[in-house]
Amino acid sequence: MNKKFVLIFVLVIILSSISILAQTYFVDVNSDSANDSNPGTINLPLKTIQRAIDLALPGDTVLVMPGVYSEHLLIKRSGNKEAGEIVIKSFEKNRAVIDGGNVPNKKLIYWHGKSDGGENKDYIIFDGFEVVNAKVWAFWIQGDYNVFKNLKVHETGGTAVQLITGSHNKFINNEIFNTGWNGISWESNNSKSGIRTDYNIIQGNYIHDLKYHVAVNGFPNEKGGYSFKYGGKNNVIRNNIIKDCLEGIYLRYEKDFLIVGNLIEGINENGIFLHYDESDKASYVANGMIVNNTIVNIGFNGVVNSNAQDVKILNNIFYNNGYTYKEKLYYSYNIYWYPITSSDNNMMNANLYYDNQGNTNLVFLYDSNKSFSELKALGFEQKGINANPYFVSPQEGDFKLSYKSPAVDAAIYLKYNENIYDLDFVKRPQGKNIDIGAYEYIPGK
Ligand SMILES: [Ca+2]
Numbered sequence: 000m001n002k003k004f005v006l007i008f009v010l011v012i013i014l015s016s017i018s019i020l021a022q023t024y025f026v027d028v029n030s031d032s033a034n035d036s037n038p039g040t041i042n043l044p045l046k047t048i049q050r051a052i053d054l055a056l057p058g059d060t061v062l063v064m065p066g067v068y069s070e071h072l073l074i075k076r077s078g079n080k081e082a083g084e085i086v087i088k089s090f091e092k093n094r095a096v097i098d099g100g101n102v103p104n105k106k107l108i109y110w111h112g113k114s115d116g117g118e119n120k121d122y123i124i125f126d127g128f129e130v131v132n133a134k135v136w137a138f139w140i141q142g143d144y145n146v147f148k149n150l151k152v153h154e155t156g157g158t159a160v161q162l163i164t165g166s167h168n169k170f171i172n173n174e175i176f177n178t179g180w181n182g183i184s185w186e187s188n189n190s191k192s193g194i195r196t197d198y199n200i201i202q203g204n205y206i207h208d209l210k211y212h213v214a215v216n217g218f219p220n221e222k223g224g225y226s227f228k229y230g231g232k233n234n235v236i237r238n239n240i241i242k243d244c245l246e247g248i249y250l251r252y253e254k255d256f257l258i259v260g261n262l263i264e265g266i267n268e269n270g271i272f273l274h275y276d277e278s279d280k281a282s283y284v285a286n287g288m289i290v291n292n293t294i295v296n297i298g299f300n301g302v303v304n305s306n307a308q309d310v311k312i313l314n315n316i317f318y319n320n321g322y323t324y325k326e327k328l329y330y331s332y333n334i335y336w337y338p339i340t341s342s343d344n345n346m347m348n349a350n351l352y353y354d355n356q357g358n359t360n361l362v363f364l365y366d367s368n369k370s371f372s373e374l375k376a377l378g379f380e381q382k383g384i385n386a387n388p389y390f391v392s393p394q395e396g397d398f399k400l401s402y403k404s405p406a407v408d409a410a411i412y413l414k415y416n417e418n419i420y421d422l423d424f425v426k427r428p429q430g431k432n433i434d435i436g437a438y439e440y441i442p443g444k
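Here it is, written out as structure tokens:
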């Protein structure tokens, strides 16, 4: 054999041994043979998830059988890009239950990270568990490139999922309800340590019945020692259903954000709140898009845009919003824009507005309610619509478009709306063009 051939041969052996070395650890609390001194095979499973997590190396998988696991979980090790993620997965969706009822720790599932004197943990996939009865937080996360999917998180004392710092994390297809505080929440970048909170994706989640606070919350942490002076960037909130919460989406300091394709329904206060703190001039939100959302039955305002710069509100449906204070001149609008100046470079266009409950407040702008014709005269909503969207069945909570809806094919074309899916997994566009709102009508249906 020549030298080159030997080298290739050795490389093949090394590469195949990496995949052979990737382990699967089985955990089965209900098996008679389960024991934490077992090797974690299917016949000799481990008893606790924590033991499996401690054994798992990058590329390994922890498979958890159905049962109730009364455990506090501490993530002590990262996966990595080369060897792969550490996968922690419920063998059957939502049948492995992590129950914090008898766990005293405030952080039930805990990524030990920089704010707690450790190193952040990256490349972990947490998939398919039901997580209940956390004392405060169900998940407390610090790190990058983690994935949280198919989880069912509820009955928490505080926020369900708290991202302290970290970028490129994905929160996908989770159901979150009955929490004591927020649903999914992140804190902004830490300017001291250089840790950022950017490029996270919150997609396909169903967040509902949060009586006390915000469904999706992007907030700066201003506690001593850690100075979070800069907001997250490029975070995406896409195709979520947010229903029956105190507040829908709240952002502060965030830049370059995208809120697209969400159904925001039955919120007591504001659907989307872009907040500005008078005492902190840097706290304004900037350069974001609020696009193709359906925002219905909101108690206060559909969108509050407080001192934001370069925010585009396009292709959204606003339906029966502002019912709580509809007789008053504040906090009862589809869009409450305050203050706004011509230099803010904000835009609203191709939105559909409709109210059949007698609220005549449309959009608050330049210190007063503006009618639809006044908006147009000011240069906004040139492609806007002020008419019934003709949902399929709004009284039954079906906000898809019927064939006679004026929202069909009426959106402003945006490049990134091509070849994406609507809330119902219908590819956009259908027919001649993208529709206004979170749902795409299929012609002939
Ligand atoms: Ca269409």
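Residue numbers for the sequence shown follow numbering that gives the first Met the number 0, beginning at 0 and rising by one.
Think of the CB as a built atom: it goes at the ideal place given N, C-alpha and C, for glycine as much as any other residue.
**Asked** Taking the alpha helix (DSSP H) that Ser305 falls in, what are its first and last residues?
**Response** Unbroken run through Ser305 is the beta strand (DSSP E), Val302 to Ser305; no alpha helix (DSSP H).
**Request:** Sort out for me which residues DSSP pairs Thr196 with in a bridge.
**Result:** Partner(s): none; Thr196 has no beta bridge.
**Item:** Buried or exposed (CB count within 10 angstroms, at least 16 for buried), Asp434
**Value:** Residue environment for Asp434: buried (at least 16 other C-beta atoms within 10 angstroms of its C-beta).
**Request:** Could you check what DSSP says for Gln49 in three-state terms: helix, strand or coil?
**Result:** Residue state, collapsed to three classes: helix.
**Item:** Candidates Lys105, Asn320, Glu253 and Val130: closest to Asp309 by CA position
**Value:** Of the listed residues, the one whose Cα sits closest to Asp309 is Glu253.
**Request:** Kindly confirm or deny that the segment 303-320 and the segment 328-337 touch, where touching means at least three C-beta pairs closer than 8 Å.
**Result:** At 8 Å Cβ cutoff, the stretches touch.
**Prompt:** Across which residues does DSSP place Lys382 in a beta bridge pair?
**Reply:** DSSP, once it has assigned bridges, lists no residue as partnering Lys382.
**Closest residue to Gly182 among Asp197, Gly156, Asn168 and Gly165 (Cα-Cα distance)** = That would be Gly156, whose Cα lies nearest to the Cα of Gly182.
**Message:** For Glu129, which residues in the same chain have their Cβ closer than 6 Å to its Cβ, ignoring the five residues on either side in sequence?
**Reply:** Correct list, in chain order: Asn93, Val96 and Lys151.
**Item:** Exposure of Ser459, with buried meaning 16 or more beta-carbon neighbours within 10 Å
**Value:** The structure shown does not extend to residue 459, since the chain is modelled only from 0 through 444, so no value can be given for it.
**Asked** Ends of the alpha helix (DSSP H) at Lys375?
**Response** The continuous alpha helix (DSSP H) containing Lys375 extends over residues Phe371 to Ala376.
**Item:** Rounded separation between Ser111 and Asp143 - CA only
**Value:** Residue identity check: residue 111 is His in the sequence provided, not Ser. Using only the alpha carbons, I get a separation of about 13 Å.
**Under 7 Å between C-beta atoms of Val265 and Asn300** = First, the amino acid is wrong: residue 265 is Gly here, not Val. Taking 7 Å as the Cβ cut-off, Gly265 and Asn300 do not qualify as a contacting pair.
**Message:** Since Ile384 and Ala410 should fall inside the 8 Å C-beta cutoff, what is the C-beta to C-beta distance between them, to a whole number of angstroms?
**Reply:** The beta carbons of Ile384 and Ala410 sit about 10 Å from each other, so the pair does not count as a contact at 8 Å.
**Prompt:** Where Lys210 and Lys105 are concerned, what is the direct C-alpha to C-alpha distance, given to the nearest angstrom?
**Reply:** When rounded, the distance between both Cα atoms is 20 Å.
**Message:** By the DSSP assignment, the beta strand (DSSP E) with Ala285 in it spans what residues?
**Reply:** Per DSSP, Ala285 belongs to the beta strand (DSSP E) from Ala285 to Val290.
**Asked** Is it the case that the CB of Pro428 approaches a heavy atom of ligand 1 more closely than 6 Å?
**Response** Yes - ligand 1 has a heavy atom lying nearer than 6 Å to the Cβ of Pro428.
**Request:** Report yes if the CB atom of Asn145 is closer than 7 Å to the CB atom of Asn168, and no otherwise.
**Result:** With contacts defined by Cβ atoms closer than 7 Å, Asn145 and Asn168 form a contacting pair.
**Prompt:** Between Met346 and Val213, what straight-line distance do the alpha-carbon atoms span, to the nearest angstrom?
**Reply:** Each residue's Cα considered, the two are about 25 Å apart.
**Prompt:** Under 7 Å between the Cβ atoms of Tyr440 and Val391?
**Reply:** Contact: no.
**Message:** By DSSP's criteria, Phe170 is part of a beta bridge. Which residues make up the other side?
**Reply:** DSSP output for Phe170 lists Phe147 and Ile201 as bridge partner(s).
**Request:** Would you kindly work out how many angstroms separate the C-alpha atoms of Ile263 and Phe90, rounded to a whole number?
**Result:** A direct Cα-Cα distance of roughly 32 Å separates Ile263 from Phe90.
**Request:** Kindly give me the distance between the Cβ atoms of Pro57 and Gly83, rounded to whole angstroms, as I take these residues to be in contact under 8 Å.
**Result:** Between the beta-carbon of Pro57 and that of Gly83 there is about 6 Å, and that keeps the pair under the 8 Å contact cut.
**Request:** Ignore the nearest five residues each way along the sequence and tell me which others in Val290's own chain have a CB closer than 6 Å to its CB.
**Result:** Correct list, in chain order: Val259, Leu313 and Asn314.
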